[in-house]
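6 protein chains.
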Amino acid sequence: MSKKKFARESATIMTEMVLPNDTNTLNNLMGGRLMHWLDVVAAIAAQKHSNRIVVTASADSISFKQPIALGNVVTLTAKVTRAFNSSMEVFIEVTAEDIPANKKTTTHRAFFTFVAVDQNGKPIEVPEVVPETEEEIELFEGALRRRQLRLVLAKRMKPEEAVELKSIFNLDVDK
Amino acid sequence: MSKKKFARESATIMTEMVLPNDTNTLNNLMGGRLMHWLDVVAAIAAQKHSNRIVVTASADSISFKQPIALGNVVTLTAKVTRAFNSSMEVFIEVTAEDIPANKKTTTHRAFFTFVAVDQNGKPIEVPEVVPETEEEIELFEGALRRRQLRLVLAKRMKPEEAVELKSIFNLDVDK
Amino acid sequence: MSKKKFARESATIMTEMVLPNDTNTLNNLMGGRLMHWLDVVAAIAAQKHSNRIVVTASADSISFKQPIALGNVVTLTAKVTRAFNSSMEVFIEVTAEDIPANKKTTTHRAFFTFVAVDQNGKPIEVPEVVPETEEEIELFEGALRRRQLRLVLAKRMKPEEAVELKSIFNLDVDK
Amino acid sequence: MSKKKFARESATIMTEMVLPNDTNTLNNLMGGRLMHWLDVVAAIAAQKHSNRIVVTASADSISFKQPIALGNVVTLTAKVTRAFNSSMEVFIEVTAEDIPANKKTTTHRAFFTFVAVDQNGKPIEVPEVVPETEEEIELFEGALRRRQLRLVLAKRMKPEEAVELKSIFNLDVDK
Amino acid sequence: MSKKKFARESATIMTEMVLPNDTNTLNNLMGGRLMHWLDVVAAIAAQKHSNRIVVTASADSISFKQPIALGNVVTLTAKVTRAFNSSMEVFIEVTAEDIPANKKTTTHRAFFTFVAVDQNGKPIEVPEVVPETEEEIELFEGALRRRQLRLVLAKRMKPEEAVELKSIFNLDVDK
Amino acid sequence: MSKKKFARESATIMTEMVLPNDTNTLNNLMGGRLMHWLDVVAAIAAQKHSNRIVVTASADSISFKQPIALGNVVTLTAKVTRAFNSSMEVFIEVTAEDIPANKKTTTHRAFFTFVAVDQNGKPIEVPEVVPETEEEIELFEGALRRRQLRLVLAKRMKPEEAVELKSIFNLDVDK
Numbered sequence: 187m188s189k190k191k192f193a194r195e196s197a198t199i200m201t202e203m204v205l206p207n208d209t210n211t212l213n214n215l216m217g218g219r220l221m222h223w224l225d226v227v228a229a230i231a232a233q234k235h236s237n238r239i240v241v242t243a244s245a246d247s248i249s250f251k252q253p254i255a256l257g258n259v260v261t262l263t264a265k266v267t268r269a270f271n272s273s274m275e276v277f278i279e280v281t282a283e284d285i286p287a288n289k290k291t292t293t294h295r296a297f298f299t300f301v302a303v304d305q306n307g308k309p310i311e312v313p314e315v316v317p318e319t320e321e322e323i324e325l326f327e328g329a330l331r332r333r334q335l336r337l338v339l340a341k342r343m344k345p346e347e348a349v350e351l352k353s354i355f356n357l358d359v360d361k
Numbered sequence: 187m188s189k190k191k192f193a194r195e196s197a198t199i200m201t202e203m204v205l206p207n208d209t210n211t212l213n214n215l216m217g218g219r220l221m222h223w224l225d226v227v228a229a230i231a232a233q234k235h236s237n238r239i240v241v242t243a244s245a246d247s248i249s250f251k252q253p254i255a256l257g258n259v260v261t262l263t264a265k266v267t268r269a270f271n272s273s274m275e276v277f278i279e280v281t282a283e284d285i286p287a288n289k290k291t292t293t294h295r296a297f298f299t300f301v302a303v304d305q306n307g308k309p310i311e312v313p314e315v316v317p318e319t320e321e322e323i324e325l326f327e328g329a330l331r332r333r334q335l336r337l338v339l340a341k342r343m344k345p346e347e348a349v350e351l352k353s354i355f356n357l358d359v360d361k
Numbered sequence: 187m188s189k190k191k192f193a194r195e196s197a198t199i200m201t202e203m204v205l206p207n208d209t210n211t212l213n214n215l216m217g218g219r220l221m222h223w224l225d226v227v228a229a230i231a232a233q234k235h236s237n238r239i240v241v242t243a244s245a246d247s248i249s250f251k252q253p254i255a256l257g258n259v260v261t262l263t264a265k266v267t268r269a270f271n272s273s274m275e276v277f278i279e280v281t282a283e284d285i286p287a288n289k290k291t292t293t294h295r296a297f298f299t300f301v302a303v304d305q306n307g308k309p310i311e312v313p314e315v316v317p318e319t320e321e322e323i324e325l326f327e328g329a330l331r332r333r334q335l336r337l338v339l340a341k342r343m344k345p346e347e348a349v350e351l352k353s354i355f356n357l358d359v360d361k
Numbered sequence: 187m188s189k190k191k192f193a194r195e196s197a198t199i200m201t202e203m204v205l206p207n208d209t210n211t212l213n214n215l216m217g218g219r220l221m222h223w224l225d226v227v228a229a230i231a232a233q234k235h236s237n238r239i240v241v242t243a244s245a246d247s248i249s250f251k252q253p254i255a256l257g258n259v260v261t262l263t264a265k266v267t268r269a270f271n272s273s274m275e276v277f278i279e280v281t282a283e284d285i286p287a288n289k290k291t292t293t294h295r296a297f298f299t300f301v302a303v304d305q306n307g308k309p310i311e312v313p314e315v316v317p318e319t320e321e322e323i324e325l326f327e328g329a330l331r332r333r334q335l336r337l338v339l340a341k342r343m344k345p346e347e348a349v350e351l352k353s354i355f356n357l358d359v360d361k
Numbered sequence: 187m188s189k190k191k192f193a194r195e196s197a198t199i200m201t202e203m204v205l206p207n208d209t210n211t212l213n214n215l216m217g218g219r220l221m222h223w224l225d226v227v228a229a230i231a232a233q234k235h236s237n238r239i240v241v242t243a244s245a246d247s248i249s250f251k252q253p254i255a256l257g258n259v260v261t262l263t264a265k266v267t268r269a270f271n272s273s274m275e276v277f278i279e280v281t282a283e284d285i286p287a288n289k290k291t292t293t294h295r296a297f298f299t300f301v302a303v304d305q306n307g308k309p310i311e312v313p314e315v316v317p318e319t320e321e322e323i324e325l326f327e328g329a330l331r332r333r334q335l336r337l338v339l340a341k342r343m344k345p346e347e348a349v350e351l352k353s354i355f356n357l358d359v360d361k
Numbered sequence: 187m188s189k190k191k192f193a194r195e196s197a198t199i200m201t202e203m204v205l206p207n208d209t210n211t212l213n214n215l216m217g218g219r220l221m222h223w224l225d226v227v228a229a230i231a232a233q234k235h236s237n238r239i240v241v242t243a244s245a246d247s248i249s250f251k252q253p254i255a256l257g258n259v260v261t262l263t264a265k266v267t268r269a270f271n272s273s274m275e276v277f278i279e280v281t282a283e284d285i286p287a288n289k290k291t292t293t294h295r296a297f298f299t300f301v302a303v304d305q306n307g308k309p310i311e312v313p314e315v316v317p318e319t320e321e322e323i324e325l326f327e328g329a330l331r332r333r334q335l336r337l338v339l340a341k342r343m344k345p346e347e348a349v350e351l352k353s354i355f356n357l358d359v360d361k
């Protein structure tokens, strides 16, 4: 992993309009449709960072608090936060706008991970991420903790080994 | 929440064929497409349990280990595991079949939560879930723990109050 | 055709939600959209029975008596009824549910036939169907009659040779 | 049914290109997709004849002998053949062209019926059809026989009453 | 370019129904959706003329004066007007019908150009167009002028060389 | 038109991946699909400038020189250049990236115009555009010339009145 790239080099913006077929009975965007968009924009960001074919490795838990209405314009902004060998964590921020009403809300903040692969689907190393802004640095640092949580939840790491993770739970197990 | 319904009454099966537009460059199903299907089948299960309009409240983290190929038949089986006032947890199991090759694999086990709402989008109470089989009982019992994890991750519950959650992390903070 | 398979081994359930683009001016499901779904679910059932690529050979006549409304959940259940060398008849039952209104109706009973083919599109023999339940046995027996009707309608069999068919028309031409 | 209209006034031509998502594993058009197109073009022809909202009443049996390949141009030509109070029979002819290969084949001849309805979905009378060409006259005359077959198959007419139908089966039951 | 074909041999008719997902907030057809249809029908006409794979070379400017409403039937009629070596100009006329209201309007007249290519995407000569009707002759003659306008606008021809074009602007630069 | 807004306030970025159904026989993006995307991104930019419902008024001529391949990532960047009462001109720049090959090309520069309307579809005045960067100023100034060309081509302005337009053609008709 000798090569390095700035976080901003992977920045990807996707804009979608909520159409009738994307909505439920209450005329609000269906959650699954949004997850589809999240996956697409995040995959493109991971492609830009790695210049490779990428496959989705995981999606972190996501909650849907605010409904997004039919006709709203949804903007998804994705950026790679940190790389671990062949895998990359991508942060996506979602805003929804009711443009005629001049209302814009940040509705979601989500994390997906991707693995860069070669033509045969074999994992392949990617460049390191160099964060620059304060937000990028914070996301870079938090990536380790979120990764441990993913591994613990997937039962691929023992909780007591998840040193970074403890801060989430404010636990000091050593005491 | 006087009314009760059996878990099996919400059972919903969805079958999808992986078409060209659902796949990435390696001809495998895109993660976002699968998440879309998960949301739809789980929403229908939640509707069946509550006989109400439902909106997605959250999707738990999900990992994508096995690629699902173009032409595969994907079967998604969803069932409500437990209800909490107006919200329901739904468990979805995904299998992918390469039918000509006679190969069938369970590829995913996912959890989504939904809220039952009235015509104005206001939350409304749903029946309790009565689990019958061993798997349904296990899912019913685990629902409490998964709910605490969701609340902690969403920063709506303090980790030290998440009594049920501790078992996931094998932590005994009282010691 | 030495191999045999149970009818139930091909059982396939597909669940669809009626979305805006599936409906006509009266907000009811368009007939052509339903036929598309029938073909997909029946093709998967035929694939499961034969473990082969299958191509649609015919769709029997179908009538649309009850409108299925926007937002309804449509469940299509398909099962192979009988095999004839390389061809299979599939029976599909369709139910439509207005879940918030707690109304469920069986709206259609349809028959499609499929041919199993190899990679070059050449027909290839499939296992025999072993019916078990009363309904499966009835469908198995009726398959011969429906097959003759298809052949007569396609002008590939002379009506006087369609011995089984006569029962449909209550005709006793020998008298 | 005082008003009359010529058959040709309902003539509707639809052209579709076979795209990847319309095809099966052998890269041929899926039967269900074609049925969807048949329904749409026939519905428009029925609308043109009746100047009303129309709903699909039935699709006659259809067989799929020739595969239609990816990239082919499919032309569907529909025309109302005859009206019966509020219902109309529509004849659709399908041709498939591999244009670079300069090959054009008539692949299907299908019949659908539609009912004209008012805004509340109540059936409403439509104009009579006036056939002009030899083919239109033949289709007009055959419509009665096909209608009896539909009624017999739907068990809404006794076979012995289906006077016109007998000619299909070359049966002379009176003997 | 020894071979010749009549303009009418390329005539292609496409019929589309305006569905919910095709419309904007005012329930009118989105301009981009119509342009997509124009491209498809014109490409098929160019294919028919050349019996070749064709790629879109340009779309002339188009204005959208009349809204086309949800539920309208849109008919697009395309015909090759003239060929220039490997390129073809296609004229498309669009009518929109509100069938229940018995209103039909010609909404657009558009021009697209296509290039015929071989399997490697290399341009390849196409037959000359033989116009027959008065309209075809007029379109054939105007094609030269429109071609010069395209070249001038694309800065591939100097305005003073665009002899034919001058008539559009009623300019007599020689004076 | 008392209110003013900066050009950058309407900036909209849309990212699309070229999927199988978007491509022609040569596996390149179909022109009509791109025009559809252009219309959507430009409409959103016009909405952002006007905070109104907008309808497409016209699309300027566009040429397709470089093929965009299956799997490419297409980025469309739109910005309002200038407003004329209720109408707005939008400039869109399109880049296509083959990310694994690390190749990025600007493939198109297009202009669309939109009209802001109220709920009844009646045109309504929009804010003036304030250009800031050199490119924005150049686009602002060229807008007048392009507008005259549109009016002349639509035969709504006499060429001799199109003072600004003359510069395109390098014509000095006064001599």
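Protein chains in written order, with the working numbering: chain A, 187 to 361; chain B, 187 to 361; chain C, 187 to 361; chain D, 187 to 361; chain E, 187 to 361; chain F, 187 to 361. Where a beta carbon is used, it is the ideal one built from N, C-alpha and C, also for glycine.
Please confirm whether residue i has its beta-carbon closer than 8 Å to some beta-carbon of chain A.
i	result
Pro253/C	no
Pro313/E	no
Cβ of residue i less than 8 Å from any chain E Cβ?
i	result
Asn237/C	no
Val349/F	no
Spatial neighbours of residue i within its chain, please: C-beta separation below 7 Å, excluding the five flanking residues on both sides.
i	result
Pro286/D	none
Thr291/C	Gln252, Thr281 and Ala282
Asn214/C	Pro253, Ile254 and Ala255
At what residues does the beta strand (DSSP E) containing residue i begin and finish?
i	result
Glu279/A	Ser273 to Asp284
Ile254/D	Element bounds for Ile254/D: n/a, residue is neither H nor E.
Thr293/B	Lys289 to Val303
Glu314/E	Glu314 to Val316
Among residues of its own chain, excluding the 5 on either side of residue i, which ones have a beta-carbon nearer than 6 Å to its beta-carbon?
i	result
Ser196/F	Ala231, Lys234, His235, Lys265 and Val266
Leu335/F	Leu351
Using a Cβ-Cβ distance cut-off of 8 Å, determine whether residue i contacts chain H.
i	result
Phe250/D	In the displayed structure, chain H is absent; the protein chains listed are A, B, C, D, E and F.
Starting from residue i, find everything on chain B with Cβ-Cβ shorter than 9 Å and list it in chain order.
i	result
Asn213/F	Residues of chain B passing the Cβ test: none, with the nearest at roughly 11 Å.
Does any residue of chain B have a CB that is nearer than 8 Å to the CB of residue i?
i	result
Thr291/A	no
Val276/C	no
For residue i, collect the residues of the same chain with a Cβ closer than 8 Å to its Cβ; drop the 5 residues on either side in sequence, then sort them by chain order.
i	result
Gly257/F	Met203, Val204 and Asp284
Lys361/A	Reliability of the predicted coordinates at Lys361/A is poor, the pLDDT of 35 falling under 50, and the value obtained from them is presented with this limitation in mind. Once the five neighbours on either side are set aside, Lys361/A has no close Cβ partner at all.
Would you mind telling me which residues of chain F sit closer than 9 Å to residue i, beta carbon to beta carbon, in chain order?
i	result
Leu330/D	Residues of chain F passing the Cβ test: none, with the nearest at roughly 43 Å.
What residue does the alpha helix (DSSP H) around residue i start on, and which one ends it?
i	result
Ile323/D	Glu320 to Leu339
Ile230/E	Gly217 to Ser236
Check whether chain D comes within 8 Å of residue i, counting only Cβ atoms and requiring the distance to be less than that.
i	result
Leu224/C	yes
Comparing the CB of residue i with every heavy atom of the ligand GTP, is any distance shorter than 7 Å?
i	result
Gly328/F	Among the ligands in the structure shown, none appear at all, so the ligand GTP cannot be discussed.
I want to verify the contact list: residues of chain F whose CB lies under 8 Å from the CB of residue i, in sequence order.
i	result
Thr299/A	By Cβ distance, chain F contributes nothing, its closest Cβ being about 18 Å from Thr299/A, past 8 Å.
Which chain E residues are close to residue i, counting only those with a beta carbon under 7 Å from its beta carbon?
i	result
Leu205/A	Asn207
Exercise. Just checking, does the segment 302 to 314 of chain F make contact with the segment 327 to 336 of chain F on the three C-beta pairs under 8 Å criterion?
Worked result: Taking a cut-off of 8 Å on C-beta distances, the segment 302 to 314 of chain F does not touch the segment 327 to 336 of chain F, as fewer than three cross pairs fall below it.
For this session: May I ask you to verify whether the segment 249 to 264 of chain F touches the segment 222 to 232 of chain F, counting CB pairs closer than 8 Å and requiring at least 3?
Result: Enough Cβ pairs lie closer than 8 Å, so yes.
Exercise. Can you find at least 3 beta carbon pairs, one from the segment 236 to 246 of chain E and one from the segment 203 to 214 of chain F, that sit closer than 8 Å?
Worked result: The segment 236 to 246 of chain E is in contact with the segment 203 to 214 of chain F.
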